[in-house]
Amino acid sequence: MGIKRLSSSIAEVLPLKKKKVSHKLNGKRHRAPELANPSKRTRHLEFQGVPLKFDQPIGQGGFGQVFLERVKDVTYAVKRTDKESFNPLESRKFNHPNVMHVYETLKDEKNVFIVSELYDENLESKFQDRNMTEDEAKEFASQLLEALNYLNFQEGISHCDIKPANVCYSSTDGKFKLIDFGLSQGIHSIRPGSGTPVFMSPESKDINRRLCTPAVDYWSLGKTIIYLMSKQFSIQHLQVSEECLEFLRKLLKEDPETRLSGEEALVHPWIAGSSSSLWNQFWNWIKSLFN
Ligand SMILES: Nc1ncnc2c1ncn2[C@@H]1O[C@H](COP(=O)(O)OP(=O)(O)OP(=O)(O)O)[C@@H](O)[C@H]1O
Ligand SMILES: [Mg+2]
0 MGIKRLSSSI AEVLPLKKKK VSHKLNGKRH RAPELANPSK RTRHLEFQGV PLKFDQPIGQ
60 GGFGQVFLER VKDVTYAVKR TDKESFNPLE SRKFNHPNVM HVYETLKDEK NVFIVSELYD
120 ENLESKFQDR NMTEDEAKEF ASQLLEALNY LNFQEGISHC DIKPANVCYS STDGKFKLID
180 FGLSQGIHSI RPGSGTPVFM SPESKDINRR LCTPAVDYWS LGKTIIYLMS KQFSIQHLQV
240 SEECLEFLRK LLKEDPETRL SGEEALVHPW IAGSSSSLWN QFWNWIKSLF N
């Protein structure tokens with residue numbers, strides 16, 4: 000499946016805030032403690048009656064370590080996070096084709112283990128040696144907008160850490176999957192200070208602000224698209240269509256009030272031409288009723 004053993008490169012800057020979202024922002028970076036020698040602490044952990052081995056690491060972020068585990072002929076991803084850093088939203092069983100599917104959450108004295116569907120490498124690794132094309136970026140943006148629409152309106156949450164390392168590709172169904180809900184927050188209580196600095200919106204960096212809105216994710220999506228297409232963080236370097244540039248400029252409005260919302264982004268001409276947008280299909284169906 001072309002899984003990269005470990006994820007790390009310049010864009011995988013550690014998130015700013017400790018995963019426990021109620022923690023006060025102190026600007027320090029936190030690491031999951033005691034990552035070494037996993038077998039000692041997780042010796043008796045079983046999934047479907049099969050002991051987990053924790054001997055094949057496939058990913059490491061700022062807070063957790065992810066292992067590949069084969070159980071009864073199925074291979075899973077198991078993320079281990081220490082209880083203190085664990086955000087309960089990480090174990091929510093979301094039901095969307097573009098959002099990571101969680102099977103089960105296990106616990107021992109110190110850690111929480113999230114057993115999920117296994118995907119291919121994350122997009123930071125996948126696009127390490129080449130840039131995403133404009134067509135790929137359009138498909139990526141369209142799928143991520145569907146995921147955000149679902150999270151905002153059906154689950155009532157914001158992801159709060161959209162970046163290339165937090166999206167995987169699945170060759171099984173050919174879809175992008177949003178992963179890592181460790182910094183996610185309810186849409187009505189989004190505190191600033193959470194995220195990964197280079198992908199964070201101006202308002203999430205403003206720690207004097209009381210609350211943010213789901214618009215934080217749309218800024219980060221804009222930065223992620225630019226990064227994947229150019230390995231840069233500004234649109235000046237992009238050689239893409241005017242429609243694409245206009246879409247990105249609207250995602251990167253400093254003022255979250257005037258930034259493109261999820262609904263607006265899904266019907267923007269750059270996206271609306273993409274056949275996989277459910278919103279677009281719905282919109283076309285509405286229009287067809289009047290023709
Ligand atoms: N279900 C999965 N399938 C395949 N790879 C995965 C899966 N979940 C996580 N990974 C890999 O492990 C890496 C780290 O996972 P994740 O982002 O959940 O951890 P983290 O410690 O919270 O990272 P961060 O530093 O972003 O907070 C991902 O970037 C990805 O490469
Ligand atoms: Mg991550």
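In numbering that gives the first Met the number 0, the protein residues as written are 0 to 290.
Ideal Cβ placement from N, Cα and C applies to all residues, glycine included.
Treat the numbers as computed from the prediction; the structure is a model and nothing was measured.
message: To the nearest angstrom, how far is the alpha carbon of L210 from that of V70?
response: 43 angstroms
- request: Go ahead and pull the three-state DSSP assignment for C159.
  value: coil
query: Between A146 and the rest of its own chain, which residues show a CB-CB distance below 7 angstroms, the 5 nearest in sequence each way excluded?
result: H95, N97, V98 and L177
message: I'd like to confirm something about V98: is its beta-carbon nearer than 8 angstroms to some heavy atom of ligand 1, or not?
response: Every heavy atom of ligand 1 is 8 angstroms or more from the Cβ of V98, so no.
query: In terms of alpha-carbon separation, which member of K106, N110, L88 and V111 lies closest to H100?
result: Put simply, of K106, N110, L88 and V111 the residue whose alpha carbon is nearest the alpha carbon of H100 is L88.
query: Which partner residues does P302 have in the DSSP bridge list?
result: The requested residue 302 is not part of the displayed model; the chain covers only 0 to 290.
message: Mapping the DSSP letters down to three states, classify I186 as helix, strand or coil.
response: coil
message: Residues around ligand 2, please: the ones whose beta-carbon is closer than 6 angstroms to some heavy atom of it, in chain order.
response: The filter returns G60, A164, N165 and D179, in chain order.
- prompt: Cα separation between S84 and L288?
  reply: 50 angstroms
task: Have a look at Q184, L182 and I161 and flag the residue whose alpha-carbon is nearest the alpha-carbon of F175.
output: I161
- prompt: Could you give the uninterrupted runs of the beta strand (DSSP E) lying entirely in the segment 99-144, keeping only those of 3 residues or more?
  reply: 101-106 and 110-116
query: Helix, strand or coil: which one does DSSP assign to G61?
result: coil
message: I'd like to check one pair, I206 with P191: are the Cβ atoms closer than 9 angstroms?
response: The Cβ atoms of P191 and I206 lie closer than 9 angstroms to each other.
task: Please determine, among H267, W284, I285 and F281, the residue with the shortest C-alpha to C-alpha distance to A140.
output: H267
task: Locate the beta strand (DSSP E) running through A214, then write down its first and last residues.
output: Segment A214 to S229 is the alpha helix (DSSP H) holding A214; no beta strand (DSSP E) there.
task: Go ahead and pull the three-state DSSP assignment for F289.
output: Residue state, collapsed to three classes: coil.
message: Only counting the same chain, and skipping five residues up and downstream in sequence, which positions put a Cβ closer than 8 angstroms to that of D172?
response: P96
message: Check whether the segment 118-128 and the segment 101-108 are in contact - that is, three or more C-beta pairs closer than 8 angstroms.
response: no
- request: Would you tell me roughly how many angstroms separate the C-alpha atoms of A76 and L44, rounded to the nearest one?
  value: Their Cα atoms are separated by approximately 15 angstroms.
- request: Pair every Cβ in the segment 180-188 with every Cβ in the segment 230-248, then say whether three or more of these pairs are closer than 8 angstroms.
  value: No, the segment 180-188 is not in contact with the segment 230-248.
task: May I ask you to list the residues that DSSP assigns as paired with S169?
output: K174
- prompt: According to the Cβ coordinates, are L247 and I224 closer than 9 angstroms?
  reply: yes
field: Enclosing alpha helix (DSSP H) for R208 [first to last residue]
entry: Element bounds for R208: n/a, residue is neither H nor E.
- prompt: Sorry if obvious, but does the Cβ on S203 come closer than 8 angstroms to a heavy atom of ligand 1?
  reply: no
- request: Please find out if some non-hydrogen atom of ligand 1 comes closer than 8 angstroms to the beta-carbon of V197.
  value: V197 Cβ: outside cutoff for every heavy atom of ligand 1.
message: Suppose you measure from the CA of F180 to the CA of Q64; what does that come to, to the nearest Å?
response: 14 angstroms
- prompt: Given K52, which residues of its chain have a CB within under 7 angstroms of its CB, disregarding the five upstream and five downstream residues?
  reply: E68
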